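Read through the structure below, which is laid out as structure tokens, and then see the notes.
In my numbering, the protein residues as written are -16 to 70.
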């Protein structure tokens, strides 16, 4: 990271911003998660993350940070608001 470049927000903050966009995969409305995990964690499709980035709700750097944590993904992949150590 260079001087003056913004830091990536923590995952819960990124997903809170993502929730303000509608989902391009399941068409869930803003304010409602795409899915609920078995432990009650909110889940959001990767399609929704990219839509949030295009709308300026998250940065490209934040989108890349979330996607780099995934082994493989497509637009239907769900990202849950849990720490990776809990997986």
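Cβ coordinates follow ideal geometry from the N, Cα and C atoms, glycine included. In this text the structure is predicted, and so the values were computed from the model without any measurement.
Rounded to whole angstroms, what's the CA-CA distance from residue 38 to residue 54? Just pull it up for me.
So the two alpha carbons sit approximately 26 Å from each other.
Can you give me the Cβ contacts of residue -8 inside the same chain, cut-off strictly under 7 Å, excluding the 5 residues immediately before and after it?
Result list for residue -8: 45, in chain order.
Starting from the C-beta of residue 63, find all residues in its chain whose C-beta is less than 6 Å away, skip the five residues before and the five after it, and write them out in chain order.
Hits under 6 Å: 20, 24, 26.
Hey, residue 58 and residue 28 are a contact pair by Cβ (cut 8 Å); roughly how many whole angstroms apart?
Correct: roughly 6 Å between the Cβ atoms.
Quick check on residue 49: buried or exposed, where buried means 16 or more other Cβ atoms within 10 Å of its Cβ?
Buried, by the Cβ-count rule.
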